[in-house]
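Under the numbering used here, the first residue of the sequence shown carries the number 4, and numbering increases by one thereafter.
Read through the structure below, which is laid out as structure tokens, and then see the notes.
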Amino acid sequence: MGKTIIGVMGPGESASDHDCQLAYRMGELIAAASWVLLTGGRAVGVMDAASRGAKAAGGLTVGILPDAHPAQASAALDLVILTGLDQGRNVINVLSSQVIVICGMGPGTASEAALAVKWGRPMVWLDPAPLWIDFFQDLSGQPAIVAPNPETAILRIQDLVVGSSGSHEIMI
């Protein structure tokens, strides 16, 4: 049986302390649910915080790096996937995740959210700014799934994972 992969997407260098605290807790809770955490893999911002949280809780962590070398990889990754695709790796991030958690916002995160809309991947927005919810609801024509905290986000993810037919399940 395949494992459920949950992507946590958010800013790198521009991530706030609040974004990183939320991401760390998300990582912990994803690991506690026995899901695999997938991030953009770099040792900065939301990517690193979520990976460190999942690793601290004994979870499996996967990083999809934009580079062709591992120099910028988070030390908390179990699997480092080098792409050499720069921001093109966002397609891999989105299509490899059964559910995507949006934690903070930056240009790369916005592209991942847009790709999730394009390919119909469910997103859970973690404590988002209303501006982003309005924009992406208008773009998708669907109501956004919003969670004020990581604990609520996990409940929303559970609903999505249990409610899905497994069509987005990735075998590893």
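Don't be surprised by glycine CBs; every beta carbon is placed ideally from N, CA and C.
Can you find the residues in the same chain that come closer than 8 Å, C-beta to C-beta, to residue i, ignoring five residues on each side of it along the sequence?
i: residue 16; result: 47, 48
i: residue 54; result: 30, 40, 42, 44, 64, 66, 77, 79, 80
i: residue 122; result: 97, 98
i: residue 61; result: 34
Hey, how far is the Cα of residue i from the Cα of residue j?
i: residue 42; j: residue 142; result: 24 Å
i: residue 159; j: residue 45; result: 26 Å
i: residue 171; j: residue 99; result: Any answer about residue 171 is weak, because its pLDDT of 43 lies below 50 and its placement is not dependable; what the coordinates show is given next. Looking at the two C-alpha atoms, the distance is approximately 8 Å.
i: residue 82; j: residue 75; result: 14 Å
i: residue 164; j: residue 102; result: 8 Å
i: residue 88; j: residue 66; result: 13 Å
i: residue 11; j: residue 148; result: 15 Å
i: residue 32; j: residue 107; result: 18 Å
i: residue 139; j: residue 78; result: 33 Å
i: residue 19; j: residue 161; result: 27 Å
i: residue 9; j: residue 137; result: 24 Å
i: residue 92; j: residue 110; result: 14 Å
i: residue 22; j: residue 135; result: 15 Å
i: residue 50; j: residue 166; result: 27 Å
i: residue 105; j: residue 131; result: 8 Å
Considering only residues of the same chain and omitting the five flanking positions on each side of residue i, which have a CB-CB separation below 7 Å?
i: residue 72; result: 85
i: residue 192; result: Residue 192 falls outside the range modelled here, since the chain spans only 4 to 175, and no answer is possible.
i: residue 146; result: 140
i: residue 28; result: 56, 153
Sorted by chain position, which residues of the same chain lie with C-beta nearer than 6 Å to residue i's C-beta, five sequence neighbours on each side aside?
i: residue 150; result: 127, 129, 156, 159
i: residue 120; result: 142, 143
i: residue 3; result: The first residue shown for the chain is 4 and the last is 175, placing residue 3 beyond what the model contains.
Take residue i as the anchor and find which of the options has the nearest alpha-carbon.
i: residue 56; options: 76, 75, 70, 35; result: 35
i: residue 80; options: 59, 121, 109, 22; result: 59
i: residue 70; options: 108, 90, 10; result: 90
i: residue 13; options: 121, 52, 32, 33; result: 52
i: residue 37; options: 64, 21, 108; result: 64
Mind reading off the beta-carbon distance from residue i to residue j? Whole number of angstroms is fine, and I expect it under 8 Å.
i: residue 25; j: residue 133; result: No, residue 25 and residue 133 are not in contact; Cβ-Cβ is about 17 Å, not under 8 Å.
i: residue 94; j: residue 118; result: 6 Å
Identify the residues that DSSP records as bridge partners of residue i: which are they?
i: residue 95; result: Per DSSP, none; premise fails for residue 95.
i: residue 7; result: For residue 7, which the question treats as bridged, DSSP gives no partner whatsoever.
i: residue 128; result: 105, 149
i: residue 67; result: 84
i: residue 76; result: 45
i: residue 39; result: 8
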